[in-house]
Each structure stands twice: as structure tokens, then as C-alpha cells.
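**Student:** Residue numbers (UniProt numbering): 1 to 624. Heads up, the beta-carbon is just placed ideally off N, CA and C, and yes, glycines get one too. Predicted model only: the values in this text are computed from it and were never measured. Take this structure, written in C-alpha cells, and hold onto it; I'll ask about it next.
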């Protein structure tokens, strides 16, 4: 071999010496820091790899076959120890401490010890190495080895141990996600060097078939192990404790890279977010994080305060962000409850003010009129009959005011429980219990809604009385019930004079009356609607009369109960009994049992129901 052709061998000899010295230095450093998890395995692995590399350099540089044989025999136990040390480190890396006991390590080392003994005695039996032959290659004498059956068995065993370590590293990656992505990649990359070098050596890959490439590969693998433990701190107790704390936290933790992609999620975040959250971008996953950071965000009915912290590398470059989502659902629920109670108190205060106003003004006027009428009857006998009629009218007005105030006191209270109520059955029940003179009622549609039966009946009674009082004794009232997917809409319309445009936004205010009434009837309706979370508007009907539309009424889950109530409730053709959808609030002078008229009509949506009362209309609530 010419000097030029021998140059690669000289370079490889130099590399073996350099990497061997570097490995010894790193092994010393690792031994000094051997208290670190995995530190002992790294120290011994680097020391063994350094010995293999330096002894192989001796084999290349030596010209004597005996010296090469001695170097080979000294390197044999070091080579046998390397796969054992690697798999022991892998167990430490993966947290499989139960496999790192002395008993298991001795069991794993037993085949390697047998191979070493057979290799040392191969000249007598050839089981591990069949031949030792010095081959002259230019200025170098290289040792050519023939592998025996025991050598093949150990080679397969060593490869199996290296693959076990690789599988453990992959298992760690799958168990903890992206957190140790770099460390796992370095371990896997380092493990490929001995595997590839072993294949290249066994199958004589390359122009220098007699060279063994595994010594340098072992050192490179050891350097990767050293970097994983001492540079990246994978197995550091502080880092492990920090990771464990994040894992067991009940608050979701989201790690996003500088490109906005999700890099890691702790178990709490995985339970909260979609199963494919790790494949999404931050803006897609949590768009609210890019909005007002001062407000809690809502996810699946839960509220979270978001704390964002930047991730910066040692150079200060932005590497991403960590988002901590602190569950504040209980706090938000308490806040909502406080706001609800505060709103209730405000409404109660308003009702108290209204009550005081009615008592001090509206109730005082009829009381004064009644007192004056009584005095007139007492002192002017000729005016006694007229005076007593005035007193009776004043007393009736005071009675209406008191009834209205009592209803107003409870109408706006929060609805604590909702029942499934048939609108059709409730409408018929309420209508049958009112004094409606010659008025007629038609119903179109039906729905089973969630409502307080008593307050729904009170709402309908006030609207019906309002229509009769302002539309006349022969007014026609139509109730339309429309069902949606989750909500229903009720429209109550009459053919009376209607409500002026400029008054429609005021009719639900307390004390607003268009006909000299108390001004409380529609105020009670508005409070009942608000207490249920519905909405109501006053409009002009198709015939020019008034139409009240109630929207956002939640449907009940099933119509079964309501259907049963409709079958047994206020039958328009049969005797009138107690309502099955909740008792109608007492209406003065409107008891169904005291009515002298009769109810006629047919059941069914859209059929007219007429009722004629022999007692005439009742001076109820005025249109307000």
C-alpha cells in the first residue's frame, strides 16, 4: 500500500486516539457527577468505549501479532460491557428502576461473561473466534478475525440489547409526548452509531474491509449519553420534579412554539381540549387567547383565567409561550349568583318604591273619594244612594290596586323550578276561569314549555283581561303558538283598538295606563317574562288591535306530561274543574264555579272557544 493509500488508515488511527482521550476525560467528569441519575452508567460506558478505541489504535499501530492479540483480548470484556451499560441507562431514562436491580443486571450480563470466557479461550475450541490472522496492508498490519458460532450468538444478543434500549426511548417519547423530544432524538441518534458500524464491520463495507468501525461509534454513542444527562439534564431530579408537578396539576398547561403550534399538553389540558389538540395551532385551538387576556375564557361550560409566560432560550430568543389555565368556574358562578341576587334586590327595591308610590298617591285618591262619599251620604240624605255608589266604586278601585300590588310583589321573583306545561291546556284553563262576556278565543298550535305554571297562568290572565277591557265585550282573541327546534313563541292578539305607536315601548312600565286603570297589569306581565328569561314586545295586530309576542321560551324535553295534562285539563266541552297545569291565581269575581254562563266550542288547535257570562265584564286591569 502506498503512503497515499495508507492515509485513511492513519487518519482513522488518529481519530481513535483522539476520541479515546476525549471519552476518558468525559468519563472522569461523569464519575465525579455520578450522583446524577444515570451518571454511573454514562461514566462506565465512556470509560469502556475509550478503552476499546485506544486498544484498537494499539492494534492498528502495532506490527506484532502478539501485541495485537493482547490488545484484542483486553478489549473483549469492554466490548461485552457496552450493551449491558446501554440498556441499564435506558432503564434509568425510562423510569424502569425495577429492571435496574443487581439481580437483573447480573442476569443480562451472564451471556456476555460467557462470551468473554469463550473469546479468551478461542484458540483451543474456536467457538467465539475461529481464527486470528495478521494481514499486511502497506505500512500497517491488521488483524483479520473469523467469527465462530458463539461470536454470532453474542453479536445477536448485543444487537438485541441495543434495540431494547431504543424501544425504551421510544416508549418514553410516547408516554410523555414532546417534552423530551430533543433528548429522545439524541439518544436514538447516538444508538444508531454502534448498530450501523457493527453492520459495516461484519459485512466488510468500505474500501478498508479489515478496519473495525465500532470503537469510534461506541465513543460517539457515549458522548450523546453524556450530553443527554449532563448538558440537557434529562434525568435531573429538579427537572423531573418540575415535570411531575406539571403532570399532576389540576390546571391545564399548554406549551406553544414560536410558530404558534401546540408543542405539549399536560394531562389536565388533554382532558379539557379536543383529542387532536396537539396537532392544532394555538389560534385554532384557543382563539380567545388572542383577545382580551384580562377576562376569563369559557371552554365547555367552565371558566379559566389565562396566565401567559414567554419561553426564551439562553440567548434571549423567543421560543414560544406557556399558558396556564386556572379554573375559576366556582368564582364565576359565585359572581353570577351575586349579580343575580343584586339584580333581584334592585327589582325588590323598585317594587317597594312602586308600592310606596301607589300607597301614597294612587291608593290615597280613591280612599279620599270613598271618605268624602261616606260623609256626603251621612250629611245629605238625598244624595245617599249616589254617594254610596261612589264609595263602592272607590272601594273596588282600591281592591284592584291591592290585588295588583300583591301580584307585582311576586311576579318578578326568580323562578326556582320549572315544570313541563302545555300552553294550549293552560290557555283554555285560564280563559275558562275569567269573566270574558261575549269575547271569543281561538288557539292555533301547541307546545310543551318549561315554565312556572302559576305565573304563566297569571301572565295569560292579565293579557286576556287586558284584551277584554280595551277591546270590548265581543272582542276576538287569538293565541298562536309556534314551535322551533329548542324554543317556542306565543303571540296573543285581539281585534280591539290597539296600542298607539309611541306607547308600545312604555306599556310594561309600572304605573303606565292608557285607560284609567292601575297601570300594573302589563307591568306584572313584564316581570313574569323577565323572571323566566323570556322576551316580550307589543305590536300592532293584523286586524289593527294589540298583539303581544313572547319569545325565547324554552321547550320541555318531552311532550308526554303536557299531552296528558291537555287530555285531563280544561276541556272546553265538559264540566270545568281545577286546572292540571297549575292553579290560576285568584281573580276577584272570576271564580269559574260562580259563573252563570256556559262554555261552548270544540277542542283542537285553531277551533274557536266562546264563553258568554251572564254577569257582564269585570273591571280588571286596564291596558297599560
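(1) Strictly by DSSP, which residues pair up with residue 310?
(2) With respect to the beta strand (DSSP E) encompassing residue 271, which residues constitute its N-terminal and C-terminal limits?
(3) On a Cα-Cα basis, can you pick out the residue from 61, 544, 46 that is closest to residue 81?
(4) Return the CA-CA distance between residue 453 and residue 532, expressed in angstroms with no decimal places.
(5) Are three or more beta carbon pairs between the region 43-61 and the region 247-266 nearer than 8 Å?
(6) Taking only the alpha-carbon atoms, compute the straight-line gap between residue 163 and residue 118 and give it to the nearest angstrom.
(7) Measuring CA to CA, which of 492, 299, 447, 379 is closest to residue 484?
(8) Do you know how far the Cα of residue 491 is from the Cα of residue 474?
(9) Can you tell which of 390, 428, 340 has its C-alpha closest to the C-alpha of residue 415?
(10) Using the Cα positions of residue 374 and residue 545, report the straight-line distance between them to the nearest angstrom.
(11) Starting from residue 501, follow the alpha helix (DSSP H) in both directions and report where the run begins and ends.
(12) Tell me the residue span of the beta strand (DSSP E) that contains residue 548.
(13) Using the Cβ count rule (16 or more neighbours within 10 Å means buried), how would you classify residue 547?
(14) Tell me the start and end of each unbroken beta strand (DSSP E) in the region 442-503 that is at least 3 residues and wholly inside, in chain order.
(15) Between 470, 159, 427, 384, which lies nearest to residue 445 when the distance is taken from Cα to Cα?
(16) Can you pull the DSSP bridge partners for residue 419?
(17) By Cβ distance, which residues of its chain are closer than 6 Å to residue 255, with the 5 residues on each side in sequence left out?
(18) If you measure between the beta carbons of residue 462 and residue 553, is that distance less than 8 Å?
(19) Please confirm whether residue 100 and residue 110 have their CB atoms less than 8 Å apart.
(20) Would you mind sorting residue 439 into buried or exposed? The rule is 16 or more other CB atoms within 10 Å of its CB.
(21) Roughly how many whole angstroms lie between the Cα atoms of residue 345 and residue 385?
(22) For the beta strand (DSSP E) holding residue 540, just list the boundary residues, first then last.
(23) Helix, strand or coil: how does DSSP classify residue 66 here?
(24) Give the secondary structure of residue 301 by DSSP, where H, G and I count as helix, E and B as strand, and everything else as coil.
(25) Within the same chain, show all residues whose beta-carbon is closer than 6 Å to that of residue 541, passing over the 5 residues directly before and after it, in chain order.
(26) Could you give the distance in angstroms between the alpha-carbon of residue 267 and the alpha-carbon of residue 98?
(27) Identify whether residue 34 lies in helix, strand or coil by the three-state DSSP scheme.
(28) So, at 8 Å on beta carbons, what are the nonlocal neighbours of residue 171 in its own chain, with the 5 sequence-adjacent residues on each side left out?
(29) Grab the span of the beta strand (DSSP E) containing residue 253 for me, first residue to last.
**Tutor:** On the basis of the data shown:
(1) 321
(2) Here residue 271 belongs to no beta strand (DSSP E); instead the alpha helix (DSSP H) covers 267-272.
(3) 46
(4) Whole-angstrom Cα-Cα distance: 11 Å.
(5) Flag = no, the region 43-61 and the region 247-266 do not touch.
(6) Each residue's CA atom was taken as its position, placing residue 163 and residue 118 some 24 Å apart.
(7) 447
(8) 20 Å
(9) 340
(10) 40 Å
(11) Annotation: residue 501 is outside any alpha helix (DSSP H) and is labelled neither H nor E by DSSP.
(12) 546-554
(13) With 16 or more neighbouring CB atoms inside 10 Å of its own CB, residue 547 falls in the buried class.
(14) 448-451, 476-483, 487-494
(15) 427
(16) 451
(17) 263, 264, 322.
(18) no
(19) no
(20) buried
(21) Distance between the alpha carbons of residue 345 and residue 385 is about 47 Å.
(22) In the DSSP assignment, residue 540 falls within the unbroken beta strand (DSSP E) covering 535-540.
(23) helix
(24) In the three-state DSSP reduction, residue 301 falls in the coil class, being neither helix nor strand.
(25) The answer, listed in chain order, is 493, 547.
(26) 25 Å
(27) coil
(28) 94
(29) First-last of the beta strand (DSSP E) with residue 253: 253-257.
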